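Let me begin by presenting the structure, written as structure tokens, before commenting on it.
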């Protein structure tokens with residue numbers, strides 16, 4: 472998973488996190504920038520769907536309707 476304090480089993484793609492009185496080193500900041508550059512194109516559709524299409528909360532109750540609503544949001548993004 473993506474927890475900064477836990478051990479990883481594969482390639483570690485978790486960004487480092489600063490805490491009180493322990494700022495990030497220059498090396499950690501540069502590593503976070505590399506991770507951000509790789510991650511941002513994949514997260515862009517989700518941010519557009521959440522921000523512009525208001526897709527973060529779905530107010531329908533049936534799974535079929537949720538699926539239809541999500542499909543239309545994705546279709547609208549791809550147009």
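In this note's numbering, the protein residues as written are 472 to 550.
All C-beta atoms, glycine included, are put in the ideal place defined by N, C-alpha and C.
Because the structure is a prediction, the values reported are computed rather than measured.
Considering only DSSP beta bridges, list what residue i is partnered with.
i	result
residue 490	493
Which of helix, strand or coil does DSSP assign to residue i?
i	result
residue 478	coil
residue 531	coil
residue 513	helix
residue 522	helix
residue 485	coil
Would you mind reading off the limits of the alpha helix (DSSP H) that contains residue i?
i	result
residue 546	534-549
Quick test of your reading: residue i and residue j, contact by CB under 8 Å. State the CB separation rounded to the nearest angstrom.
i	j	result
residue 502	residue 487	6 Å
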